[in-house]
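In the UniProt record's numbering, the protein residues as written are 1 to 331. Where is the CB? At the ideal position from N, CA and C, for every residue including glycine.
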């Protein structure tokens, strides 16, 4: 195991040992989500593995950045606080977007008999200015010259970035991820800058549970003459509260599936890194083990019946010449 890997792991473990409030990592939230803290601790307690960023899964509502700007992936997003005023930076770092709502766990949906606009309020879609009317949906104005800033609701499943010591170690992590349903997982950085074997990074992820829907747009402020003004922009919804309720229900269902897959990954990873039984020298294929156990079972059965000839029954493909050659040698 390289000194470089040990140094990186030591640094990460040191930062993990501080309080949750003080710890930061390369994940969007900037810290380890509570739902996967035990999983992260188990990974970091395994020889040859250390997590560099993580997200347990999330649902987010956000205003996208200017034209041609998109919300970065979970591993590229900025440090994300849970308040609604956090700006969303684009991949180019120019910003311009805005987080409205994020949750890393299933959402408590207001009941059907709740106050009007309760879901809009929950998702911070009620603007403070009087130009916003989220209670009634609005179509995109045909006269708008420029592409508007759309408002998205998005669900993303768990993602982990795990630094490994060697390519074989990375392959074990990938095997566990794929078997658990994280089908878009992969390995990068197999070689270092000099072409030698490096410390591969495994991304554990899946797009199969993803959800991304446009639910509104930002209407720029205009003057009485229709010209752009310096006043506050307004949120215009394109969907009803009933539609948002349905999307939140779908997101909650996907949180549950995501949790199940995360548990499967945890168990699969443990199985990949289990220590071999004491005294075992090499891997024994299942078919060979099955045949060996069958022969040993037959031998035990014959011995219990008092069959003296059973002492010379071939086991695991050995020759049975010993029965006669041994007797001749003793004489």
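- If you draw a straight line from the Cα of residue 38 to the Cα of residue 158, it is about 14 Å long.
- Only exposed fits residue 14, as fewer than 16 other CB atoms lie within 10 angstroms of its CB.
- Linking residue 147 to residue 237 through their CA atoms gives a straight-line distance of about 16 Å.
- In terms of Cα proximity to residue 242, the closest of 109, 101, 55, 99 is 109.
- Taken through DSSP and simplified to helix, strand or coil, residue 153 comes out as strand.
- Within the model, the alpha-carbon separation for residue 291 versus residue 298 is close to 11 Å.
- Per DSSP, residue 5 is one residue of the alpha helix (DSSP H) stretching across 3 to 16.
- Leaving aside the five residues that flank residue 61 on each side, the residues in its chain whose CB is nearer than 6 Å to its CB run, in chain order, 100, 101, 123, 153.
- The count of Cβ pairs closer than 8 Å, one atom from the stretch 164 to 172 and one from the stretch 239 to 258, stays below three, leaving the stretches out of contact.
- Taking residue 182 as the centre and dropping the five residues before and after it, the same chain places the C-beta of 204, 205, 206, 261, 265 closer than 7 Å to its C-beta, in chain order.
- Here the C-alpha atom of residue 156 lies approximately 14 Å from the C-alpha atom of residue 185.
- The beta carbon of residue 12 is closer than 6 Å to those of 50 in its chain, skipping five residues each way along the sequence.
- In this structure, DSSP gives residue 147 a state outside helix and strand, which the three-state scheme calls coil.
- Its Cα nearest to that of residue 162, the residue 45 stands out among 300, 294, 45.
- Going by C-alpha positions, residue 59 is about 28 Å away from residue 270.
- Here residue 36 is not near residue 17, since their CB atoms are 7 Å or more apart.
- Looking at the DSSP output, residue 212 sits in a beta bridge with 154.
- The continuous alpha helix (DSSP H) containing residue 246 extends over residues 241 to 272.
- DSSP, reduced to helix, strand and coil, places residue 100 within a strand of the structure shown.
- The C-beta distance from residue 151 to residue 244 rounds to 11 Å, too long to meet the 8 Å contact threshold.
- Around the beta carbon of residue 112, fewer than 16 other beta carbons sit within 10 angstroms, so the residue counts as exposed.
- The beta carbon of residue 103 sits closer than 7 Å to the beta carbons of 58, 59 from its chain, once the five residues preceding and following it are set aside; these are given in chain order.
- Taking residue 250 as reference, the option from 212, 173, 180, 263 with the minimal CA-CA separation is 212.
- Taking each of 296, 208, 273 in turn and checking the Cα distance to residue 48, the smallest one comes out for 273.
- Per DSSP, reduced to three states, the secondary structure at residue 186 is strand.
- Shortest Cα-Cα distance from residue 32 to any of 177, 125, 160 involves 160.
- Residue 165 carries a coil assignment under DSSP once its states are collapsed to helix, strand and coil.
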